[in-house]
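Below is one structure, written out as structure tokens, with a few remarks after it.
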Amino acid sequence: MKKNTHGWIVVAAGTGINLAFGVLYAWSIFAGKLQDSLGWTKTESSLPYTVAIIMFALMMIPAGRLQDRFGPRVVATAGGLLIGGGCILAGSLTSLPGLVFSFGILAGSGIGLGYASTTPPAVKWFPPEQKGLITGIVVGGFGLASLYIVPLSKYLLSNYDVFTSFRLLGFLFLLITIPLAQLVKNPETPVVSSHPATAAKKHHDLTFRQMLKTKEFYMLWFMFFAGATGGLMTIGGLKSIVKVSLGETAAFQLVAFAAIANALGRPIAGNISHKLGRGRTMTLLYIIQALALFMFHNLSGYFTIFAAACMIYFSYGAMLSVFPSACGDNYGTKNLGLNYGILFSAWGVGGTVGPMIGGKIADITGSYALAFNIAAGVLLVAAFIGFIYKPYHHEEA
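Numbering (my numbering), first residue to last: 528 to 924.
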């Protein structure tokens with residue numbers, strides 16, 4: 528009972544920390560304010576966000592190693608200090624290079640440190656059969672963040688200038704993340720399955736070098752890359768499409784609907800994937816997302832467009848719980864921080880390439896239709912890989 532109580536405390540703390548790190552979802556609002564009040568171009572106003580995404584992905588690898596070695600509490604605390612301090616500093620460094628450094632490099636690094644130190648300790652408190660569900664709950668905080676961070680940012684920007692708003696958010700993030708980080712820790716002893724057959728299985732923990740020698744890693748990496756490429760490319764374009772076709776109010780409502788769909792996909796898919804299999808779960812989700820993308824530009828009407836959008840967001844959010852669970856299944860939880868950090872590089876590459884390709888195609892053709900079709904095609908390839916994917920088979924000594 529004591530372990531279970533501590534485990535749920537760690538889950539709650541990790542979810543709360545990820546809620547703060549969801550500031551990335553509010554950047555489009557700050558970008559618009561920078562364009563309107565300071566005359567920045569779209570490229571200039573998107574640069575701090577792009578750098579933050581890159582730093583987020585890059586820091587996952589050293590953050591994973593650090594939390595495996597020194598414990599998640601230290602790394603989560605460092606992440607909270609960086610995101611809070613970075614946003615506060617962004618309120619004082621009012622130039623483009625200043626925002627790239629403060630928000631892009633510092634806050635982006637903090638997000639990577641914090642994100643890497645929440646899921647691995649949480650899953651270690653629970654038996655293997657609950658790994659997907661616990662992962663989904665913790666990372667669901669990141670998906671739900673836009674429910675509060677978007678309206679809060681709108682309120683701040685309507686009452687204060689953009690840089691004062693950065694400072695206020697920075698202090699808020701410090702107040703949230705630093706206390707919660709002190710609650711994030713690993714169990715003293717491994718938690719085994721309550722099912723005799725599962726508990727009897729030999730436990731394997733692979734190093735990152737051993738992981739990189741398995742074909743299953745590269746199958747997971749491509750599927751993760753495809754999901755991030757298609758997901759983030761289309762998510763970036765959906766809001767502007769909805770704004771043009773249905774209006775500003777509908778575009779704002781999409782943010783709320785999308786946040787709920789994004790967050791719900793994580794625990795639901797995490798739980799289902801334990802029974803259906805990680806690969807088969809991603810096959811199903813990628814097919815659903817690909818069909819929504821193929822049909823999107825032929826849809827009309829509020830409810831059909833929102834239904835398709837929620838399918839896309841649900842599928843994207845779902846993969847973010849399936850892949851850390853699959854990584855733990857294959858390579859154990861002892862080195863999960865570093866191993867998943869390396870696998871997460873697929874998200875960083877896809878999250879950088881996808882929006883760039885989508886934006887370029889939209890600039891050339893005047894529509895996201897071709898970009899959506901390309902993304903859907905990539906997702907179908909990943910769906911096939913998920914269908915043939917099988918967990919890594921450990922050779923018994």
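Where a beta carbon is used, it is the ideal one built from N, C-alpha and C, also for glycine.
Note that the coordinates shown come from a computational prediction; the quantities given were computed from them, not determined experimentally.
Item	Value
So, is Gln709 buried or exposed, given that buried needs 16 or more other C-beta atoms within 10 angstroms?	exposed
Going along the chain, which residues of its own chain have a beta-carbon closer than 7 Å to the beta-carbon of Met760, five neighbours each way excluded?	Gly881, Pro882, Ile884, Gly885, Ala898 and Ala902
Could you pull out every unbroken beta strand (DSSP E) segment of at least 3 residues lying fully inside the region 788-863, listed in chain order?	none
Could you give the residue range of the alpha helix (DSSP H) that holds Gly904?	Ala896 to Ile915
So the candidates are Ala643, Ile676, Ser685 and Leu870; which of them puts its Cα closest to the Cα of Trp554?	Ile676
Report all residues from its chain with a CB closer than 8 Å to the CB of Gln737; omit the five preceding and five following residues, and keep chain order.	Tyr858
Which whole-angstrom value is the C-beta distance of Thr704 and Gly607, which I expect to be below 8 Å?	3 Å
Taking all protein chains shown into account, do 16 or more other C-beta atoms lie within 10 angstroms of the C-beta of Pro647, making it buried, or fewer, making it exposed?	buried
According to the neighbour-count rule (16 or more other Cβ atoms, all chains shown, within 10 Å of its Cβ), is Val627 buried or exposed?	buried
Kindly list the residues whose CB is nearer than 7 Å to the CB of Phe491, restricted to its own chain and excluding five residues on each side of it in sequence; keep chain order.	Only positions 528 to 924 of the chain appear in this structure, which leaves residue 491 out of reach.
Given a cut-off of 8 Å, decide if Ala584 and Phe823 are closer than it, judged by their beta-carbon atoms.	no
How about Val849 and Arg805: are their beta carbons less than 8 Å apart?	yes
Return the CA-CA distance between Lys681 and Leu551, expressed in angstroms with no decimal places.	14 Å
Curious, which full-length beta strand (DSSP E) runs of at least 3 residues does the region 578-633 contain?	none
Would you please state the rounded distance, in angstroms, between the beta carbons of Gly611 and Pro794? I believe it to be under 8 Å.	Actually they are not in contact, since the Cβ atoms of Gly611 and Pro794 sit about 27 Å apart, beyond 8 Å.
Relative to the C-alpha of Phe735, which candidate in Leu906, Trp874, Lys560 and Lys861 has its C-alpha closest?	Lys861
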